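Participant:
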Amino acid sequence: MAEAFLRRHTPELFGLATLLVCVLGFEALIRGGVVNRYIIPPPSDILLAFERVIVEENILARCRDTAFEMLVAGGASVLVGVPIGVLLYRSALWRRAMEDWIGALAAAPIVLAFPLFLVLFGRSPKTIIVMGFVHGLAPIILKTVEGLASTRPVLINVGRSLKMTQSQMFWKILLPSAMPIIFTGIRLSWTFVLITIVGIEYLINLGGVGQLINELAERYDLPGTYAGICFVILVSVLFFLALERVESWLQPGR
Amino acid sequence: MAAAGSLTSSSIPATPRNVLALRLAVAVFVLCVWEGLSRSGLFYGEVVPSLLAIFVSMGKLLIDPIFWRNLQVTMVETVASLAIGAGFGITVGIVLGANRFLMRAFEPVVYYLSPTPRIILFPVMIMWFGVGPGSKIALGALSAFFAIALSTAAGMRQIDPILIRVGRSFRANIWQMAFKIYLPAMRVPILNGIRLGMGTAIITVLLGETKLSNQGLGYMIMQIYTRFDMPGLYALLILVFVIAGGVNALIGHFACD
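Chains as they are written, first to last, in this note's numbering: chain A, 25 to 278; chain B, 8 to 264.
1) Is R176 (chain A) buried or exposed, if buried means 16 or more other CB atoms sit within 10 Å of its CB?
2) Output the distance between the C-alpha atoms of L68 (chain B) and F113 (chain B), rounded to the nearest integer angstrom.
3) If you reduce the DSSP assignment to three classes, tell me which class S57 (chain B) lands in.
4) If you run the structure through DSSP and keep just helix, strand and coil, what is S191 (chain A)?
5) Would you say G209 (chain A) touches the ligand PLP, meaning its beta carbon is less than 8 Å from a heavy atom?
6) For S260 (chain A), which residues in chain B fall below 8 Å Cβ to Cβ?
7) CB-CB under 7 Å to I73 (chain B), same chain, minus the five flanking residues each way: which ones, in chain order?
8) How many angstroms separate the CA atom of S45 (chain B) from the CA atom of I61 (chain B)?
9) Going along the chain, which residues of the region 203 to 217 of chain B sit with their C-beta nearer than 8 Å to a C-beta in chain A?
10) According to DSSP, is S272 (chain A) part of a helix, a strand, or is it coil?
11) With DSSP as the reference, label S148 (chain A) as helix, strand or coil.
12) Of the residues B:I133, B:K187, B:I258, which one's Cα is nearest the Cα of Y62 (chain A)?
13) Anything in chain B within Cβ reach of G234 (chain A), meaning under 9 Å, just list it in chain order.
14) If you reduce the DSSP assignment to three classes, tell me which class S121 (chain B) lands in.
15) If I measure Cβ to Cβ from A148 (chain B) and keep anything under 6 Å in the same chain, skipping five residues before and after, which residues do I get?
16) Straight-line CA distance for P124 (chain B) to L170 (chain B)?
17) Is there contact here, the region 179 to 192 of chain A with the region 138 to 154 of chain A, by at least three beta-carbon pairs under 8 Å?
18) Distance, Cα to Cα, N180 (chain B) vs L190 (chain B)?
19) Against V247 (chain B), what residues of chain A qualify as contacts under a CB-to-CB distance less than 8 Å, listed in chain order?
20) Anything in the region 163 to 179 of chain B with a Cβ closer than 8 Å to a Cβ of chain A? List those residues in chain order, please.
21) Would a C-beta distance cut-off of 9 Å place V247 (chain B) and P107 (chain A) closer than the cut-off?
22) Compare the Cα-Cα distances from S213 (chain A) to each of A:S68, A:G248, A:F263, A:L246 and report the closest residue.
23) Please list, in chain order, the chain A residues whose beta carbon lies closer than 9 Å to that of W3 (chain B).
24) Can a CB atom of chain A be found closer than 9 Å to the CB of G225 (chain B)?
25) Cβ closer than 7 Å: which chain B residues qualify as neighbours of A241 (chain A)?
26) Please tell me whether W125 (chain A) has its Cβ less than 9 Å away from any Cβ of chain B.
27) Does the distance from the CB of I210 (chain A) to the CB of V102 (chain A) come in under 9 Å?
28) How would you label G146 (chain A), buried or exposed, when you count the other beta carbons within 10 angstroms and need 16 or more for buried?
29) Alpha helix (DSSP H) containing G100 (chain B): first to last residue?
30) What residues from chain A crowd round M193 (chain B), counting only those whose CB sits closer than 8 Å?
31) I'd like to know whether the C-beta of G252 (chain B) is nearer than 9 Å to at least one C-beta of chain A.
32) How big is the Cα-Cα spacing for V217 (chain A) and W182 (chain B)?
33) Along the region 82 to 99 of chain B, where does the CB come closer than 7 Å to a CB of chain C? Name the residues.
34) Classify D89 (chain A) as buried or exposed, calling it buried when 16 or more other Cβ atoms lie within 10 Å of its own Cβ.
35) Does the structure place the region 153 to 163 of chain B close enough to the region 192 to 200 of chain B that three or more beta carbon pairs sit under 8 Å?
36) Please report whether the beta-carbon of R5 (chain B) lies at a distance below 9 Å from any beta-carbon of chain A.
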């Protein structure tokens with residue numbers, strides 16, 4: 025059984041082994057003085073710093089702060105974005121007029137406008153949440169329109185033949201049919217929201233994990249900075265994995 | 008009445024003329040609301056400056072040599088980061104796309120690292136490359152790398168196998184295969200990857216400049232913010248958005264051709 029597992033997952037194990045060899049290689053190079061330990065700390069020091077970052081720097085509470093901002097901004101994006109998407113779907117004229125603009129909003133470097141938001145909302149979590157919300161809005165609107173527009177005509181015709189009201193058509197046919205694509209929009213949106221929130225926390229030195237990394241770097245606590253960065257990467261990877269799981273659960277056929 | 012198989016309303020047809028009229032109407036409405044808010048006294052005059060003040064600031068910026076010097080610095084950093092990111096990204100993408108074993112071994116790492124907030128790596132880049140343009144270029148290159156590598160790998164897997172067989176039947180060597188078969192066949196995915204990479208590289212370079220720099224448009228934004236010159240801040244942000252959007256549209260145009 026173990027042999028079958030090894031044979032089936034040889035590439036993944038090779039990838040992990042390569043990663044491990046790289047880490048050990050860095051450890052040897054740094055300890056041997058080839059790489060300056062004041063630029064890259066030994067991986068073993070980074071590993072040891074994890075405990076300090078979790079206990080002394082209270083990274084879990086900071087994660088909670090970031091998660092709260094994320095939840096409010098991401099939730100608001102869904103609550104506002106889906107209805108706007110539905111309204112745009114209902115009017116072909118508005119959809120054609122606004123879709124390109126909303127697409128441009130999705131691609132715009134909104135995060136750069138943080139000094140403007142600082143003036144408008146002050147140096148508080150409000151600024152971070154509003155920026156996350158604005159950045160997360162466009163993908164949800166676009167994917168809601170796409171999801172509703174891609175409802176199979178036969179389903180709509182079935183609803184009509186059953187003499188469904190507009191409301192029944194929406195809740196029983198359009199929304200369930202569009203849900204997988206809307207969730208893809210939510211995944212994209214929450215990715216934008218997370219990147220914006222952590223980025224702004226780091227840039228304005230306020231809030232959760234982004235601020236912690238900034239503080240550790242300013243203290244020149246190298247192992248702590250690297251451990252904090254590894255922690256944030258780990259948490260964001262787990263977050264995207266969880267979102268992907270929910271998405272694939274909603275789209276069993278794909 | 009709605010068309011069969013669709014529930015969109017069709018009281019006003021979505022002709023190009025109507026679409027243009029609606030866009031103009033929305034733009035005029037937004038500008039009027041803005042000017043109204045500016046004159047209403049509900050906000051501090053500086054927070055919502057009048058449109059005239061913003062346009063005047065924009066005009067001043069456009070004739071200011073400091074703006075063009077900073078734009079040049081940002082463009083050089085962005086182009087350098089894109090060149091490095093694209094070089095590594097296309098190479099890694101081709102390797103991952105061509106080899107199933109390596110794809111399974113390393114593509115998940117690239118895929119799951121790609122959406123992480125890269126700006127948090129800025130302290131590391133400062134330690135490695137200093138506080139000058141090097142750290143911004145490195146961060147921008149890292150940002151561009153992921154989008155380009157993933158797009159190239161996906162494009163590599165979509166190449167028509169017949170093209171590859173034709174190349175092999177002509178006994179093309181590895182370089183001929185790369186430049187005569189793979190790269191021309193992957194033009195669109197590579198350009199799309201470069202477009203995405205360019206977008207993230209511009210944002211990352213600018214953010215790096217806002218955090219720690221003494222030149223570039225990001226630095227200029229922070230300078231204007233520190234002076235609390237709100238019309239100037241709005242004007243500069245509009246210009247940055249237009250430049251970023253223009254570059255994005257230009258590469259998108261090449262990808263669609």
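Cβ atoms here follow ideal geometry from the backbone N, Cα and C, with glycine treated the same way. Given the structure is predicted, the values throughout are model-derived calculations rather than measurements.
Facilitator: Quick look at the numbers:
1) Here residue 176 (chain A) is taken as the residue at index 152 of the first sequence, counted from 1. Exposed, because fewer than 16 other Cβ atoms sit within 10 Å of the Cβ of R176 (chain A).
2) Within the second sequence, numbered from 1, the residue matching residue 68 (chain B) stands at position 61. Within the second sequence, numbered from 1, the residue matching residue 113 (chain B) stands at position 106. Computed Cα separation, rounded: 46 Å.
3) As a first step, residue 57 (chain B) must be located in the second sequence, where it is residue number 50. Three-state DSSP puts S57 (chain B) in coil, outside helix and strand.
4) Here residue 191 (chain A) refers to the residue found at position 167 when the first sequence is read from its first residue. Of the three classes helix, strand and coil, the one that applies to S191 (chain A) here is helix, per DSSP.
5) Judged by which ligands are present, the structure shown has none, so any question about the ligand PLP falls away.
6) Here residue 260 (chain A) corresponds to residue number 236 of the first sequence, with the count starting at 1. The contacting residues are P122, T123, P124.
7) What you label residue 73 (chain B) is simply residue 66 of the second sequence in a count that begins at 1. Here the set comprises nothing.
8) On the second sequence, position 38 is the one that residue 45 (chain B) refers to. On the second sequence, position 54 is the one that residue 61 (chain B) refers to. Going from the Cα of S45 (chain B) to the Cα of I61 (chain B) covers about 11 Å.
9) So the list reads G206, I209, I210, L213, L214, T217, given in the order they occur along the chain.
10) Here the question's residue 272 (chain A) lines up with position 248 in the first sequence. Of the three classes helix, strand and coil, the one that applies to S272 (chain A) here is helix, per DSSP.
11) The sequence position of residue 148 (chain A) within the first sequence is 124, counting from 1. Coil.
12) Translated into positions along the first sequence, residue 62 (chain A) becomes position 38. With distances taken between Cα atoms, Y62 (chain A) lies closest to B:I133.
13) The residue labelled residue 234 (chain A) in the question sits at position 210 within the first sequence. Simply P124, I126, I127.
14) In the second sequence, residue 121 (chain B) corresponds to position 114, counting from 1. Taken through DSSP and simplified to helix, strand or coil, S121 (chain B) comes out as coil.
15) On the second sequence, residue 148 (chain B) is found 141 positions in, with the first residue counted as 1. Answer for A148 (chain B): S88, I91, G92, listed in chain order.
16) Looking up residue 124 (chain B) in the second sequence gives position 117. Looking up residue 170 (chain B) in the second sequence gives position 163. Approximately 38 Å between the Cα atoms of the pair.
17) Contact fails: fewer than three Cβ-Cβ distances are below 8 Å.
18) Mapped onto the second sequence, residue 180 (chain B) falls at position 173. Mapped onto the second sequence, residue 190 (chain B) falls at position 183. So the alpha carbons of these two residues sit roughly 14 Å apart.
19) Locating residue 247 (chain B) in the second sequence gives position 240, counting from the first residue. Near V247 (chain B) (Cβ distances below 8 Å), the residues of chain A are P133, L136.
20) none
21) In the second sequence, counting from the first residue as 1, residue 247 (chain B) sits at position 240. In the first sequence, counting from the first residue as 1, residue 107 (chain A) sits at position 83. Taking 9 Å as the Cβ cut-off, V247 (chain B) and P107 (chain A) do not qualify as a contacting pair.
22) Stepping through the first sequence from its first residue, residue 213 (chain A) is reached at position 189. Looking only at A:S68, A:G248, A:F263, A:L246, the smallest Cα-Cα distance to S213 (chain A) is reached by A:F263.
23) The structure shown has nothing for residue 3 (chain B), since chain B only spans 8 to 264.
24) In the second sequence, counting from the first residue as 1, residue 225 (chain B) sits at position 218. Yes - at least one Cβ of chain A is within 9 Å of the one on G225 (chain B).
25) Residue numbering aside, residue 241 (chain A) sits at position 217 when the first sequence is read from its first letter. Here the neighbours are P130.
26) Translated into the one-based positions of the first sequence, residue 125 (chain A) becomes position 101. At least one chain B Cβ lies under 9 Å of W125 (chain A).
27) For the purposes of this step, residue 210 (chain A) is identified with residue 186 of the first sequence, where counting begins at 1. For the purposes of this step, residue 102 (chain A) is identified with residue 78 of the first sequence, where counting begins at 1. Contact: yes.
28) As a working note, residue 146 (chain A) is residue 122 in the first sequence. Exposed.
29) Against the second sequence, residue 100 (chain B) aligns to sequence position 93. Counting along the chain, the alpha helix (DSSP H) containing G100 (chain B) begins and ends at 72 to 105.
30) Indexing the second sequence from 1 puts residue 193 (chain B) at position 186. By Cβ distance, chain A contributes nothing, its closest Cβ being about 22 Å from M193 (chain B), past 8 Å.
31) To locate residue 252 (chain B), count along the second sequence from 1; it is residue 245. Chain A, which has a Cβ nearer than 9 Å to the Cβ of G252 (chain B), makes this yes.
32) One-based indexing of the first sequence puts residue 217 (chain A) at position 193. One-based indexing of the second sequence puts residue 182 (chain B) at position 175. Near 42 Å, if we compare the C-alpha coordinates of W182 (chain B) and V217 (chain A).
33) Among the chains of the structure shown, chain C does not appear; the protein chains present are A and B.
34) Locating residue 89 (chain A) in the first sequence gives position 65, counting from the first residue. Buried is the call here.
35) yes
36) Only positions 8 to 264 of chain B appear in this structure, which leaves residue 5 (chain B) out of reach.
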